[in-house]
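Asks: Structure below; questions to follow.
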Amino acid sequence: MDEEVDFIIDAAREGMQNSIDHLKKKLINIRAGKASPSMVGSVMVEYYGTPTPLSQVANVNTPDGMTISIQPWEKSLIPEIEKGIQMANLGFNPMNNGESVIINVPPLTEERRKELAKQARSEAEEAKIGVRNDRKSANNELKGLDISEDLKKNLEIDIQEMTDKHIALIDSILDKKEQEIMTV
21 MDEEVDFIID AAREGMQNSI DHLKKKLINI RAGKASPSMV GSVMVEYYGT PTPLSQVANV
81 NTPDGMTISI QPWEKSLIPE IEKGIQMANL GFNPMNNGES VIINVPPLTE ERRKELAKQA
141 RSEAEEAKIG VRNDRKSANN ELKGLDISED LKKNLEIDIQ EMTDKHIALI DSILDKKEQE
201 IMTV
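Quick note, the sequence shown lines up with residues 21 to 204 if you use the numbering used here.
So this is what it looks like as structure tokens:
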């Protein structure tokens, strides 16, 4: 019986952690002013008929705070890289000089900062929903177990405390990201 309980608790903890990991990945793609290679981390490029992450076909770096430079390993990929950037809908206008693709990262307007902060809050809310769903699943599985009511109540309290910790962590991650976005 203990193994079943441990399994339920571990599954809930793992699910909640996955929600947080997913949130962190989503927030990396929300830019906060300064150019960074992670801004194009989600870009996929058609490489010999296969969608391939940009980082696997080119070197991506930031020569300064407002520019992203993409140096493809094969010059023939430049049009595909430009297409991939536009398809990713990042709001960037790529240019090429025949050797590499350059992205000038425009400074964020106040309105755009607010939009990005709103997007970050939306991603955080999705993560919270994931955590709450994991709590609900764990509690439902506990109800099906043949254990004492006292033990069930204690386990539900433990699951709620775990949920509260993960929700607080999500709030903390969001606060940090919002500060990053709103800092000019």
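For glycine and all other residues, C-beta sits at the position ideal for the given N, C-alpha and C.
Taking three-plus beta-carbon pairs below 8 Å as touching, is the region 49 to 63 in contact with the region 106 to 113?
Replies: yes
Asks: Give the secondary structure of residue 108 by DSSP, where H, G and I count as helix, E and B as strand, and everything else as coil.
Replies: coil
Asks: For the alpha helix (DSSP H) that residue 144 lies in, which residues bound it at each end?
Replies: Looking at the DSSP string, the run of the alpha helix (DSSP H) that includes residue 144 is 130 to 163.
Asks: Got a sec? Which residues, its chain only, sit under 7 Å from residue 86 by beta carbon, not counting five neighbours each side?
Replies: Result list for residue 86: 55, 124, 125, in chain order.
Asks: Rounded to whole angstroms, what's the CA-CA distance from residue 162 to residue 156? Just pull it up for me.
Replies: 10 Å
Asks: In chain order, which continuous runs of the beta strand (DSSP E) of length 3 or greater are located wholly inside the region 39 to 76?
Replies: DSSP assignment within the region 39 to 76 yields the following whole beta strand (DSSP E) runs of 3 residues or more, N-terminal first: 64 to 67, 70 to 73.
Asks: Considering only residues of the same chain and omitting the five flanking positions on each side of residue 100, which have a CB-CB separation below 6 Å?
Replies: Within the same chain, residue 100 has close Cβ partners 65, 66.
Asks: Considering just the uninterrupted stretch of the alpha helix (DSSP H) at residue 166, what are its terminal residues?
Replies: Counting along the chain, no alpha helix (DSSP H) covers residue 166, and no H or E run does either.
Asks: So is residue 171 buried or exposed if we call it buried at 16+ other beta carbons inside 10 Å?
Replies: exposed
Asks: How big is the Cα-Cα spacing for residue 150 and residue 117?
Replies: 44 Å
Asks: Residue 187: buried (16+ other C-beta within 10 angstroms of its C-beta) or exposed?
Replies: When all chains shown are included, residue 187 counts as buried.
Asks: From residue 81 to residue 198, what does the alpha carbon distance come to, in whole angstroms?
Replies: 24 Å
Asks: If you drop the 5 nearest sequence neighbours on each side, which residues of the same chain put their C-beta closer than 7 Å to that of residue 28?
Replies: Only 158, 161, 162 meet the Cβ criterion.
Asks: Smallest Cα separation from residue 41: which of 90, 23, 144, 153?
Replies: 144
Asks: Could you please give me the residues that DSSP links to residue 79 through a beta bridge?
Replies: 91
Asks: Is it the case that the Cβ atoms of residue 32 and residue 182 are separated by a distance below 8 Å?
Replies: Taking 8 Å as the Cβ cut-off, residue 32 and residue 182 qualify as a contacting pair.
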